[in-house]
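Data first, discussion second: the structure below is written as structure tokens.
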Amino acid sequence: MRTFALVLALLAVGASVADAQDATDGSKYQWDNLVDLLDSKNGTTEIWQLVQSAGLVDTLDELTNSTATVFIPLDESLDATTGAGLDAAALAKILSYHVVPGEALTLDQLTDGLILQTLVDGPEGELRVSFPAGSKKPFLETTSGEKIQIYQYNIVAGDAIVHTIKGLLVPGTSTTFAPAPAPSS
């Protein structure tokens, strides 16, 4: 239950922070905690509707500060039909795929080839960071084959670092992120 509270609160925060760059300098893009950020920012209408349709709103009362890296889909990349046809469990899994627990990673720590383990268990819950040629901001590669770019970054909310993204991260069944086996002698 606590995991769902974290996922819901983290996914409902900060997507409308305009032109956020580096919040670690004490700028207006820094909040005391995720609840404060959630209560003071708009622009998360679509992701909030997904959270509501998953029936996970009541778990927000259990929220506490947690160390995490959170990827928030911007409203412009979602629409009212995004979660259509998904049951609550499937939607909760998708929302969990946006949270990397235990690490608050800033943009400069998201290096090319880095594998991130989300709240979705196992290899299908991995994200890989990539920097295509000429890109100033990284992309997140999902196990379903998507490549979604980070847009706004380093938004501080208590012990969490939030990055907005231009798409919904959907886990798949690919395990291509696993390192290749060592050559046999």
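In mature numbering (1 follows the signal peptide of the UniProt record, and there is no 0), the protein residues as written are -20 to -1, 1 to 165. Think of the CB as a built atom: it goes at the ideal place given N, C-alpha and C, for glycine as much as any other residue.
Leucine 107 has Leu96 as its beta-bridge partners, per DSSP.
Three or more Cβ pairs drawn from the stretch 103 to 116 and the stretch 147 to 154 lie within less than 8 Å of each other, which places the two stretches in contact.
Counting C-beta atoms within 10 angstroms of its own C-beta, glycine 147 has 16 or more neighbours from the protein chains shown and is therefore classed as buried. Excluding five sequence positions before and after valine 109, the CB atoms of its chain that fall closer than 6 Å to its own CB belong to Leu90, Leu94 and Pro118, given in chain order. Minimum Cα-Cα distance from serine 76 among the listed residues Val100, Ala84, Ser57 and Ser124 corresponds to Val100.
DSSP, reduced to helix, strand and coil, places glutamate 121 within a strand of the structure shown. According to the DSSP assignment, alanine 69 belongs to the alpha helix (DSSP H) that extends over 68 to 76. Note on geometry: alpha-carbon atoms of proline 53 and histidine 78 lie some 9 Å from one another.
About 7 Å separates the Cβ atoms of leucine 87 and isoleucine 130, confirming a contact at the 8 Å cut-off.
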